[in-house]
Every structure is written in structure tokens, then in C-alpha cells.
Amino acid sequence: MTSTQGRTPRGGSVYGDAVARRRAVLDAAVGLLDEGGYPALTNRAVAKRAGISPGLIYQYFVDKQDIFITLLQEAETELAEFIEALPRDGGVAGVLAAIVPEATRQWKRVGYLASTWQTVDGSGMERESVRELRACSDRQFAALHRALAESADAEGRTLRDDPAMVLYVWAGLTGIADTLTNKWLRGGAREELVAYSTAALARSIVECTEKTS
Numbered sequence: 001m002t003s004t005q006g007r008t009p010r011g012g013s014v015y016g017d018a019v020a021r022r023r024a025v026l027d028a029a030v031g032l033l034d035e036g037g038y039p040a041l042t043n044r045a046v047a048k049r050a051g052i053s054p055g056l057i058y059q060y061f062v063d064k065q066d067i068f069i070t071l072l073q074e075a076e077t078e079l080a081e082f083i084e085a086l087p088r089d090g091g092v093a094g095v096l097a098a099i100v101p102e103a104t105r106q107w108k109r110v111g112y113l114a115s116t117w118q119t120v121d122g123s124g125m126e127r128e129s130v131r132e133l134r135a136c137s138d139r140q141f142a143a144l145h146r147a148l149a150e151s152a153d154a155e156g157r158t159l160r161d162d163p164a165m166v167l168y169v170w171a172g173l174t175g176i177a178d179t180l181t182n183k184w185l186r187g188g189a190r191e192e193l194v195a196y197s198t199a200a201l202a203r204s205i206v207e208c209t210e211k212t213s
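The letter at position 105 of the sequence shown is residue 105 when you use full-length UniProt numbering, and the numbering goes up by one with no holes.
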């Protein structure tokens, strides 16, 4: 997991720049999550790593949950923007294969810890930041659905009309991402997994017959 921890604008400091302070908190959180998972994320540890006083964190975040939720929001927003920018002319399998590296990057960065967060701090699921996270998820899934529909159309096919389709695809993508993140595979096996899995996902979500004009 990469982090921009400690970076501030040239000639500035985290104490004099509110944006830099907030970014330093988030980057410190990424580093702690990478090293120790969700249990390692405490306000005191974040403050120490970011080089600020613990009290400053509360100017930007309610608690460690809000820090983690913000990282999830960032990941989903970045992935949605990435998907929106993808060319559609490679067909459904091509779009899915193109999504895998970015989905894996975001999964490795923070996504794989979402279930741990919900288990540990699930009592706070009705807070405003969680509602905002759900809105980010909706936008991410909408971007994914558009990309799949438009890429299917580009190859003269139609997506299956099923409300569970996008969640099914997302489950497949996160499964691939988790396998790649855990480094179960070596060398060419990684490329073979991505090619086979994305082709299989594509076959399962498009109608068997081509569209008629």
C-alpha cells in the first residue's frame, strides 16, 4: 500500500495548512491500516504518525470511524471516475479486465478491511458519514453498470436485465482483487486468472444472442 504520508506543500507545514493537515491524517491512517489493520487505527496513533496533536484530528473527523469511512469514500469515488473514463470499444470482458488493476489497488488500500470495520464498529451505521458512503457506493455501481451496458452495446450485445447483476459483477471483481492482493498466484498465473475470470463474468451477464438492429 502506498501513502503520501508526511507530504506537505513546498514551503508549508501541516500546522499552517488545513488541507494538508486533513490529508496528513488520512495518509497516516493508510499507513497504520497497512501495518496493523483496523485495530491499529486509533486517534492517538494517527496523530503521532501525522505529526500533529490528537486534538487537531477532531477539527476534521468525529472519530476513527469517520477517518476510515472517508478513506472508503475516496476509494469508491476514485474507482467510479476510473470506470467512467474507460473506453468501451473492448467489449464487456475488456472493460472488466481494465477495471481489475484499479479495483485491486483500492481493495488492497482499504476495501478489504470494510468487513472488519463493520464487525468492530457496526453500531454507528446510521451516522451521516455512512449515509454519504452509501451514496458513493451507489455512484460507483451506477458507473459500473453504464460501462458494462455501453461496452455490451459496442459489441452488439445486451446485458441481462437483473437487479442483482451489478452486485454479482462486483462480487466477482472483489474476489479477483482479494486473490491478487493475497499473492496466491505467481507469474503468468495472475494474467491467466484475470483473463479467464473476466471472460467468464462477461459471458454470464450478456444475453446469448446478439442485438438485432
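From the three backbone atoms N, C-alpha and C, an ideal C-beta is built for every residue, glycine too. Computed from a predicted model, the values in this text were never measured in an experiment.
Spatially closest choice to residue i from the options, by CA coordinates
i: residue 201; options: 160, 49, 46 and 21; result: 160
i: residue 162; options: 204, 196, 188 and 186; result: 204
i: residue 81; options: 206, 147 and 190; result: 147
i: residue 36; options: 23, 152, 110 and 89; result: 110
i: residue 62; options: 127, 18 and 117; result: 127
i: residue 207; options: 168, 157, 186 and 191; result: 157
i: residue 18; options: 44, 52 and 43; result: 52
i: residue 169; options: 93, 56 and 44; result: 93
i: residue 65; options: 42, 56, 27 and 54; result: 42
i: residue 164; options: 185, 184, 142 and 190; result: 142
i: residue 112; options: 152, 69, 153 and 84; result: 69
Residue i vs residue j beta-carbon contact at 8 Å
i: residue 91; j: residue 150; result: no
i: residue 79; j: residue 140; result: yes
i: residue 38; j: residue 120; result: yes
i: residue 49; j: residue 33; result: no
i: residue 166; j: residue 133; result: no
i: residue 137; j: residue 172; result: no
i: residue 88; j: residue 95; result: yes
Whole-number beta carbon distance between residue j and residue i, since they are thought to touch under 8 Å
i: residue 72; j: residue 114; result: 6 Å
i: residue 98; j: residue 86; result: 5 Å
i: residue 194; j: residue 100; result: 5 Å
i: residue 177; j: residue 103; result: 5 Å
i: residue 67; j: residue 29; result: 5 Å
i: residue 22; j: residue 60; result: 5 Å
i: residue 174; j: residue 107; result: 6 Å
Paired residues, beta bridge with residue i - DSSP
i: residue 46; result: None, per the DSSP bridge assignment.
i: residue 206; result: 159
Any non-hydrogen atom of the ligand ATP within 7 Å of residue i CB
i: residue 33; result: With respect to the ligand ATP, the structure offers nothing, as it holds no ligand at all.
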